[in-house]
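Notes for the one structure printed next.
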Amino acid sequence: MPNKIGYYGEWGGAFIPEVLHETFREFNQAFGAVRHDPTFWAEYCDLMSTYSCRPTPLTHAENMSKKLGGAQIFIKREDLNHTGAHKANNVMGQGLLVRRMGKKRVIAETGAGQHGVATATMAAKFGFACTIYMGEEDVNRQRPNVFWMEKLGAEVVPVTSGSKTLKDAINAAFRDWVTNMDSTHYVMGTVCGPHPFPELVAWFQSIIGIEARKQIVTQFGKAPSRVYACVGGGSNAMGIFQGFLDQPAVELVGVEAGGDGLTTGRHAARLAATDASAGVAQGYKTMFLQDSDGQMQDTHSVAAGLDYVGVSPILVDLWQQGRVRFEAATDREVMAALDETVKNEGIIPALESSHAFVQAYKEAGQLKPDEAIIINMSGRGDKDIFTIANAFQDPSWKRFIIEKGKEYAAQK
Amino acid sequence: MPNKIGYYGEWGGAFIPEVLHETFREFNQAFGAVRHDPTFWAEYCDLMSTYSCRPTPLTHAENMSKKLGGAQIFIKREDLNHTGAHKANNVMGQGLLVRRMGKKRVIAETGAGQHGVATATMAAKFGFACTIYMGEEDVNRQRPNVFWMEKLGAEVVPVTSGSKTLKDAINAAFRDWVTNMDSTHYVMGTVCGPHPFPELVAWFQSIIGIEARKQIVTQFGKAPSRVYACVGGGSNAMGIFQGFLDQPAVELVGVEAGGDGLTTGRHAARLAATDASAGVAQGYKTMFLQDSDGQMQDTHSVAAGLDYVGVSPILVDLWQQGRVRFEAATDREVMAALDETVKNEGIIPALESSHAFVQAYKEAGQLKPDEAIIINMSGRGDKDIFTIANAFQDPSWKRFIIEKGKEYAAQK
Amino acid sequence: MRLKNNLAEALRHKDILLMTHIVLGYPSFEANREVVAQMVESGVDLIEMQIPFSEPMADGPVIIKANQDSLARGTKVRQCLEFAAEMIATHAIPFLFMTYYNILFKYGEEEFFADAAAIGIQGFIIPDLPPEEGGAFLERAKKYDIAPILIFAPTSTDERMRVLAAAADGFIYCVARRGVTGSQTSFDEAFYQYIARCRECAGLPLAVGFGICDRQDVDAIRGRAEIAVIGSEMIRLVDEKGASAVGPFISGLR
Amino acid sequence: MRLKNNLAEALRHKDILLMTHIVLGYPSFEANREVVAQMVESGVDLIEMQIPFSEPMADGPVIIKANQDSLARGTKVRQCLEFAAEMIATHAIPFLFMTYYNILFKYGEEEFFADAAAIGIQGFIIPDLPPEEGGAFLERAKKYDIAPILIFAPTSTDERMRVLAAAADGFIYCVARRGVTGSQTSFDEAFYQYIARCRECAGLPLAVGFGICDRQDVDAIRGRAEIAVIGSEMIRLVDEKGASAVGPFISGLR
Ligand SMILES: Cc1ncc(COP(=O)(O)O)c(C=O)c1O
Ligand SMILES: Cc1ncc(COP(=O)(O)O)c(C=O)c1O
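As they're listed, the protein sequences go chains A, B, C and D.
Each number in our numbering corresponds to the 1-based position in the first sequence with 19 added.
Each number in our numbering corresponds to the 1-based position in the second sequence with 19 added.
Each number in our numbering corresponds to the 1-based position in the third sequence with 892 added.
Each number in our numbering corresponds to the 1-based position in the fourth sequence with 892 added.
Dropping the structure here:
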């Protein structure tokens, strides 16, 4: 002691209540076993190629490349996964692991609802009972996802404590877990939380980078100059970055939620701003947006999935090493990049993913047309229709909702 | 004369206004050229594998297979296409053709909105102007799709004539075309309409059957006993059926919209019921739901995409030959099959696709576990959230909509 | 040949003929009756009676609405035939049927020709039946001496016009512009060149339709074509001012 | 060793000790002051004072709410230390801090130990700091003679209990059941076996917590463990009946 298992530099660890000690021992053991069992990875790839549609394509965004006049922009299409986001990779992998562990119930936190839908989907497929914890604010922001989770047979529990967002959902999920650890596996949705979650989730998400690395060489002939990914917890970013970590010429750029702007205090930028500091919460040590007493602060982003106080310990380490650069995109920039991408490429990125597009569009012009950049499109924007229609103040959408609302109100 | 080009048995033809004669001559010529140009098909496949995610997976529905205790059920996952349905296949193919023809504007009809979204997406990708005609009733049923079409830069024109559904949208699109034929290509959304549309659309959709035929052999070891597809115009059905037409042992089953029931008059079953008769409208000869004077009748289905008076002339011919069997699924059966599929497999079929699931579930038990059946899942159900939430009378959804409605009403 | 001959006869007295359009059963058969009477009285030379169809693909908003309303009031094809019989018996000018092909197809093409011939209909205008699809139709047209009115469009090539002219009888319906019925047409140089091409290829009298609404439009056609067709404008007029406005309107056209 | 010795001393007079729990700044420091006074007067043997944290991961709804409300009122860590200093100066029983690790980490672990030791705090309960992560923490605990109270859970193996006991001081906090604070616990045969295992492995006094709310619960523990912990029930009581209800409640427990 201190035993440095589960640390990335000085970050990570497993700060867990004693009641979970045995659960984590078994969990580590089971993970260790599958980690070194090549049949497991093969089973995982088979599942992802028959139940989801891996490999997901790498799309050349010809119009935006031309428009910006710089690098060739490629988009890694995690939106085409079953359930519409990269979250499926992690969740289906954990599902296979849960089946091996013999557990019959899964729980998860969710912010944008994508991880919740993915987990509920996996539970339906594997026949597990399922409870999803979701901050009350996110329940409202992502209602369609809540509806689908319930249709998928999951119980969705709105979390009303704290800031009623992702971090509080994580706390709530842990509380469930310390009560039901024998039957239950907690399907953490991102590369955060106590060891071995960061390692586990990064492993499953590495499938993105493995594919992208091959694809860009096949389609473009060489490695990209830069790779962009949005960073909430950091799982989609870690997923694609792992494909290029050993190529120092490939610059890796994580894009955080700039919210109303980095100077306003209303954002969720842990590493792109100077507001965060080292801390320990939610079972791990990382850079948190917290006050001088160590109390976590309210974060803000138009994208529920990025609205989180912590960040992957693996990414903090890579950031400290200078391997990953961090930037932030404001809500306003995000809506503009979304609009531009939809209109020019016929592709609707999730609000989360749109953060990566913002930064890529800002920088594409600095590069030459014989260079490529990759944007990891972590998910599709369908789920965000209420937020997007609202942000664009779409009058016919509003009229439609008002009418529907009246119709329902009259039925009561 | 009569010259039998464009006929399938006695069905099909090209009943077009004279003003379009020259347009169709050019169209036939352009189609003839690409039809026999292997580089075109290669270009098409490349586009579909980099912009959409073809080949789409074939998923083994293990839980439903076990539950029903008969054939192994496989699901062809057209829902994983970009934009969420098989419509992308047709539209991207026509997009390539339009580019070769040098036109700069596309128009389309849409029922469920899927074809409209797909066309608007293609137009964004190829840089075409785009107008979408959509029956006013469908505009209301499929509001999210309308929103996305507009965000994609398309103009959506609600059609208020006739029954305000798909057939009226087709008429409206033809009216636009006869006005703007020089600049404009009409992207017909299904295997209907005047020649060469049925042949053209069937060709692009054949990619489904080509893949499925290979996949079932790889994954199951032999051909399926039966293949199920829902039939609106018939494009997804023709798409998958073409993979098995030359294997007489593979029974092909088309499932139409039974609406409130075949005896109620409120349905859209052209071939599974006895209400339809031969007719000529919308540019082609087929079996129409019409009265004794030849006036088209109102159809009904919970699924906007199946709510159509006509049906592919190719399918009518195959039906007359006894090669394709037709069945119908009622709205009620559809909701139940949807619910079961979501809960047991974690897969959310579109309301249209759910029709195929109904019939497959009815029949799976008649077959042995060493036989396979394939259900063509033409699209995903996300687009149907308003209809589905409504059909299930989901209280929290209603509450959410009422609240949102009030919020918007207060802003005005 | 009957229609062609009748038109030749009429053209001996007039430099331009007027063809008007009504939608049967809209706003009612009674109104149709009065409108037709006024048309004939004020000198209309031939009348196309549209049998309403649920899918009037080639028509514009005014005629679509008329089709729909007529059907909504319960108009049947048999009633249209009966009404036509009455008109033909009452008025001495040629009457034509305009409708979409499904009305004939569903009625039975042979029966429809027989019944229309029996009551004295002189021509059919079927905008969605190109000659390629109308082999039997064209033969029956000959057999029953009901003129198959075919359509020239500004997009038609000379070659195509000749093919159409060879199959047509009575007159050629020259669509003045792209698009559907009921919008404004501009009679400019391009239009005159188009009509000259039509003349060159047709070998039949020319009717010009789509968007003709006043005397100026008729003047633009006079000397270039034999027949001016007043379609949507007729319906608009009756809608707005009632059947009694038809006579004065027609009288002012020529 | 100080805490352990103090407890040994107390146990010479009593067959079971009572430890109560308060959340600092909830509902207010003034209320805390009155509650502590009543507790001490009515014979409570030691008090754990929770420094509120925004992420009370191991706590149940009652304590979560208390944490949140206290923070919403602006409670700062410094104020908690000042208030603790006052309590320790006023009352002769041992006081402990319960909180989550981030509070120490952010304050600076060394500084926090130094400041807590300076005011006479006798133990720390940090539910999210397992010994694997608390190497420095355990060393500092020795250095400052602040007992690191470690936790046994029903899921702990004998082997694990021995590891924990070796690192712990003062007493062992035996969590009576799975789950978070504030729910009912059933004191059944399985529970007795669990406590027997704890006894076997601990070598330190045992405190039993989670879900103890009345005399019956205390009786179930008496003779099996040295300390009964009343946590959420204390807060619920003050919420519902006010600080003055604390004395009578405590008096009725033993
Ligand atoms: C589409 C999408 N992208 C990104 C994220 C952020 O998560 P992470 O940083 O772990 O990829 C989420 C989280 O919900 C998401 O739904
Ligand atoms: C998902 C889906 N399936 C099926 C259909 C019916 O069309 P088709 O019969 O041409 O496949 C539609 C039409 O919109 C659709 O959106």
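All C-beta atoms, glycine included, are put in the ideal place defined by N, C-alpha and C.
Please read these numbers as outputs of a predicted model, since none were measured by experiment.
- A straight line joining the alpha-carbon of residue 265 of chain A with that of residue 133 of chain A spans about 30 angstroms.
- In the three-state reduction of the DSSP assignment, residue 29 of chain A falls in the coil class.
- With its beta carbon less than 8 angstroms from one in chain A, residue 949 of chain D belongs to the interface.
- Cβ neighbours of residue 979 of chain C within its own chain (closer than 7 angstroms, five residues either side excluded): 928, 987.
- Using a Cβ-Cβ cut-off of 8 angstroms, residue 29 of chain A does not count as an interface residue toward chain D, since no Cβ of chain D sits closer than that to its own.
- Taking all protein chains in view, the Cβ of residue 236 of chain B is surrounded by fewer than 16 other Cβ atoms within 10 Å, so the residue is classified as exposed.
- The segment 937-944 of chain C and the segment 894-912 of chain D do not touch, with fewer than 3 CB-CB distances between them shorter than 8 angstroms.
- Judged by DSSP in its simplified three-state form, residue 76 of chain B adopts coil rather than helix or strand.
- Under the rule that a run must span 3 or more residues, the beta strand (DSSP E) segments found entirely inside the segment 1074-1141 of chain D read 1098-1101, 1119-1122.
- Out of C:949, C:1015, C:1080, the CA that lies nearest to the CA of residue 1071 of chain C is found in C:949.
- For the pair residue 37 of chain B and residue 1044 of chain C, the Cα-to-Cα distance works out to about 7 angstroms.
- Three or more Cβ pairs closer than 8 angstroms define a contact, and the segment 328-338 of chain B meets that threshold against the segment 249-264 of chain B.
- If you look at residue 299 of chain A, you'll find it in the beta strand (DSSP E) that goes 296-300.
- Going by DSSP, residue 204 of chain B is part of the beta strand (DSSP E) stretching over 203-205.
- Listed along the chain, the chain A residues whose CB falls inside 7 angstroms of the CB of residue 163 of chain B are 404.
- Excluding the 5 residues flanking it on each side, residue 270 of chain B has same chain C-beta neighbours closer than 7 angstroms at 244, 245, 344, in chain order.
- Of B:35, B:98, B:404, B:377, the smallest CA-CA separation from residue 194 of chain B is found for B:35.
- Identification of chain A residues near residue 1083 of chain D by a Cβ-Cβ cut-off of 9 angstroms yields none; the smallest Cβ-Cβ distance measures about 15 angstroms.
- Nearest CB-CB separation between residue 361 of chain B and chain A: below the 8 angstroms threshold.
- Secondary structure of residue 306 of chain A (DSSP, three-state): strand.
- Judged by the Cβ position, residue 397 of chain A fails to qualify as a neighbour of ligand 2 at the 7 angstroms threshold, every heavy atom of the ligand being at least this far.
- Contact annotation: residue 326 of chain A and residue 276 of chain A have beta-carbon atoms nearer than 8 angstroms.
- For residue 36 of chain B, the secondary structure class from DSSP, reduced to helix, strand or coil, is coil.
- Annotation for residue 104 of chain A indicates a beta carbon within 7 angstroms of some heavy atom of ligand 1.
- Per the C-alpha coordinates, the member of D:1056, D:1025, D:910 positioned closest to residue 1113 of chain D is D:910.
- For residue 48 of chain A, no CB of chain D lies under 8 angstroms from its own CB, so it is not counted at the interface with that chain.
- Residues of the segment 956-974 of chain D with a Cβ closer than 7 angstroms to any Cβ of chain A, in chain order: 956, 960, 963, 968, 969.
- Non-local C-beta neighbours of residue 148 of chain B in its own chain, meaning closer than 6 angstroms and more than five positions away in sequence, comprise 124, ordered along the chain.
- Between ligand 1 and the CB of residue 325 of chain A, the shortest heavy atom gap is smaller than 7 angstroms.
- Taken from the Cβ of residue 134 of chain B, at least one heavy atom of ligand 2 lies inside 7 angstroms.
- Residues of the same chain with a CB within less than 7 angstroms of the CB of residue 375 of chain B, apart from the 5 flanking positions on each side, are 247, 248, 249, 274, 394, 395 in chain order.
- Identification of chain D residues near residue 389 of chain A by a Cβ-Cβ cut-off of 7 angstroms yields none; the smallest Cβ-Cβ distance measures about 49 angstroms.
- Positions of the alpha helix (DSSP H) runs, each at least 4 residues long and wholly inside the segment 139-189 of chain A, are given as 155-160, 162-170 in order along the chain.
- Contact between residue 408 of chain A and residue 419 of chain B does not hold, since the beta-carbon distance rounds to 14 angstroms and is not under 8 angstroms.
- Contact of residue 146 of chain A with chain D by beta-carbon distance below 7 angstroms is absent, the smallest such distance being about 24 angstroms.
- At least one CB of chain D lies nearer than 8 angstroms to the CB of residue 186 of chain A.
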